[in-house]
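Numbering (my numbering), first residue to last: 425 to 848. C-beta atoms are modelled at their ideal positions from N, C-alpha and C, and glycine is treated no differently. Keep in mind that this is a model prediction, so the values were computed, not measured. The next block holds one structure in the form of structure tokens; read it before the comments.
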């Protein structure tokens, strides 16, 4: 091949190699102020949880100063098949999807297409003139064993104001948050058809009575609130939510293994979902839970890997950029990870005093009150199936835990094992 032709061929190949082909930036623990010996305690913690049949396996990743010092796969992907776990195992992220949706909204806010103070009705007219559910006084009906308790009857009053983008980001909207209107919310959720996209379903939520006056309480909106934000992303950007995430977040960050529905060529990498059954683990009957090729849930829909989610978290740790690709400004990351709910968050979802909530992420406001090993200002979130991450700006640290069985105790023990390994 002639020199010029060879050069042209090399350039074409380089252009075709996607950003995700980049390898993880690695370091020995000591190079980034961690102890190799002490990091082994992560492995010991995971081993204890596997031996007690609380999880089948895990992938753990710890980075400091932008470089990965610990990246391990532990245990089995599938107990029955005795399949060893692999580092590129794929996990159902559940609510760990929410911070990704939060970043999408922050990006559109920076572009001036969305304001935090915008009423949702600016984008989705069905949310205008909201009502608030009030339980009707009644004599409690007897609870029948084996049956769900009766749903109390409600009346409605006018909301003092409309719900805003900020309310949805902070779970202070009262939309689908398990309060007085839970019965009505269940009916609306059950009305969702398999063929419904966000554009079809989300407007129906506009008629749902709120559980409280907007902005007055923190009550976790597990699905509805963040899915409404996902639809706002579509309207403000002109792209479907999955396209926006792929072109604006996943591709720039090199997240090659993050999807709403698992591609066929990655099926063998999907971690089996388990649930506790006494002292054992049993395979969950719905292994496709939350994955969808039509309805792109920003609340709970993504499937990803430890390496991909690290890229997302490291972007936040870097103040909004990674590998020369800037998604957000440092000021916006600081805004996203500030406590916007005051004292409304402690006591919710089992969180102690000292914890706050930002935009789709929890925040350590007072590490002593929270009894947290994470530094003040650390932020992150969890998923219902056990995924967990946090960013510690003070220590320039990112940690990712990937499991597929809910276990809050392991989250706390993993945090301790990571933070005690910092030696300088």
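- request: Could you check which residue in 828, 707 and 791 has the C-alpha nearest to that of residue 818?
  value: Residue mapping note: residue 818 aligns to position 394 of the chain shown, counting from 1. It is 791 whose Cα lies nearest to the Cα of residue 818.
message: Please return the same chain residues whose Cβ sits closer than 7 angstroms to the Cβ of residue 846, not counting the five positions on each side in sequence.
response: The sequence position of residue 846 within the chain shown is 422, counting from 1. The answer, listed in chain order, is 457, 458 and 819.
query: In three-state DSSP terms, what is residue 595?
result: One-based indexing of the chain shown puts residue 595 at position 171. In this structure, residue 595 counts as coil in the three-state DSSP scheme.
- prompt: How is residue 666 classed by DSSP in three states: helix, strand or coil?
  reply: Within the chain shown, the letter at position 242 stands for residue 666. Helix.
task: May I ask which residues mark the beginning and end of the beta strand (DSSP E) holding residue 501?
output: Position 77 of the chain shown, counted from the start, is the residue given in the question as residue 501. Start and end: 491-502.
task: If I'm right that residue 588 touches residue 661 with Cβ under 8 angstroms, what's the distance once you round it to whole angstroms?
output: Here residue 588 refers to the residue found at position 164 of the chain shown. Here residue 661 refers to the residue found at position 237 of the chain shown. Going by Cβ atoms, the distance from residue 588 to residue 661 rounds to 19 angstroms, so no, they are not a contact pair.
7 angstroms Cβ shell around residue 840 - same chain, five flanking residues per side excluded: Reading the chain shown from its first residue, position 416 is the one you call residue 840. Contacts found: 797.
- request: Check residue 481 in the structure and name its three-state DSSP category.
  value: By 1-based counting over the chain shown, the position of residue 481 is 57. In the structure shown, residue 481 sits in a strand (DSSP, three-state: E or B).
query: With 16 as the cutoff for other CB atoms within 10 Å, does residue 504 come out buried or exposed?
result: Position 80 of the chain shown holds residue 504. By the 10 Å Cβ count, residue 504 comes out exposed.
- prompt: For residue 610, does the three-state DSSP call read helix, strand or coil?
  reply: By one-based count along the chain shown, residue 610 stands at place 186. Here residue 610 sits in helix by DSSP.
message: Measuring only the C-alpha atoms, how far is residue 499 from residue 646?
response: Reading the chain shown from its first residue, position 75 is the one you call residue 499. Reading the chain shown from its first residue, position 222 is the one you call residue 646. Approximately 30 angstroms, taken between the alpha carbons.
Cβ pair count under 8 angstroms reaching 3, the region 672-679 against the region 704-722: no
Supposed contact pair residue 722 and residue 521 - C-beta distance, whole angstroms, cut 8 angstroms: Taking the first residue of the chain shown as position 1, residue 521 is located at position 97. Taking the first residue of the chain shown as position 1, residue 722 is located at position 298. Residue 521 to residue 722, Cβ: 6 angstroms. Contact.
- prompt: Skipping 5 residues on each side, what residues in its chain have a beta carbon closer than 7 angstroms to that of residue 665?
  reply: As a working note, residue 665 is residue 241 in the chain shown. Closer than 7 angstroms at Cβ, skipping near neighbours: 622, 654, 657, 658, 720 and 722.
message: Classify residue 516: buried if its beta carbon has 16 or more other beta carbons within 10 angstroms, exposed otherwise.
response: Within the chain shown, the letter at position 92 stands for residue 516. That one is buried.
query: Which value, in whole angstroms, describes the spacing of the CA atoms of residue 445 and residue 680?
result: Looking up residue 445 in the chain shown gives position 21. Looking up residue 680 in the chain shown gives position 256. Summary for residue 445: the model assigns pLDDT 44, below 50, so the residue's position carries little reliability; its value from the coordinates is reported in the next sentence. Roughly 9 angstroms separates the two Cα atoms.
task: Please report how far the alpha carbon of residue 581 lies from the alpha carbon of residue 773, in whole angstroms.
output: Translated into positions along the chain shown, residue 581 becomes position 157. Translated into positions along the chain shown, residue 773 becomes position 349. When rounded, the distance between both Cα atoms is 27 angstroms.
- request: Return the CA-CA distance between residue 532 and residue 538, expressed in angstroms with no decimal places.
  value: As a working mapping, residue 532 is identified with position 108 in the chain shown. As a working mapping, residue 538 is identified with position 114 in the chain shown. Residue 532 and residue 538: Cα-Cα distance of roughly 6 angstroms.
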